[in-house]
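*Asks:*
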Amino acid sequence: MPTPSIPLVAAALPGALPQEAVDQPGPLTIEPAAPFWLRLLSGVSLWLNRLFLGLVMALIGFTLWHWWQG
Numbered sequence: 157m158p159t160p161s162i163p164l165v166a167a168a169l170p171g172a173l174p175q176e177a178v179d180q181p182g183p184l185t186i187e188p189a190a191p192f193w194l195r196l197l198s199g200v201s202l203w204l205n206r207l208f209l210g211l212v213m214a215l216i217g218f219t220l221w222h223w224w225q226g
């Protein structure tokens with residue numbers, strides 16, 4: 157059995173006074189920029205992460221190369 161649709165406009169309550177609709181603020185067109193220290197920290201963190209992963213991969217490769225050589 158289908159669910160009955162919900163009306164988009166509610167019926168006026170008995171005894172309620174009419175009132176004008178209040179304008180809602182629109183969506184922000186520009187997102188706030190991240191502070192400089194956060195962008196700097198993010199960049200340094202990314203650089204260190206890549207450096208660490210490169211070192212780990214080099215260590216794995218070096219280990220496999222030595223194992224292959226006997």
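Numbering (the numbering used here), first residue to last: 157 to 226.
Glycine included, every Cβ here is placed at the ideal spot set by N, Cα and C.
These figures come from a predicted structure and were not determined experimentally.
Return the first residue and the last residue of the alpha helix (DSSP H) that alanine 214 is part of.
*Replies:* Position 58 of the sequence shown, counted from the first residue, corresponds to residue 214. That run of the alpha helix (DSSP H) goes 192 to 225.
*Asks:* Determine the direct distance from the alpha carbon of glycine 182 to that of glutamine 140, and round the result to whole angstroms.
*Replies:* Residue numbering for the chain in the displayed model covers 157 to 226; residue 140 lies beyond these limits and cannot be assessed.
*Asks:* Between the C-alpha atoms of proline 170 and alanine 177, what's the straight-line distance to the nearest angstrom?
*Replies:* To locate residue 170, count along the sequence shown from 1; it is residue 14. To locate residue 177, count along the sequence shown from 1; it is residue 21. For proline 170 and alanine 177, the distance between alpha carbons rounds to 18 Å.
*Asks:* Does the CB of alanine 214 have a neighbour CB from chain D at under 8 Å?
*Replies:* Any reference to chain D falls outside this structure, which holds one protein chain only.
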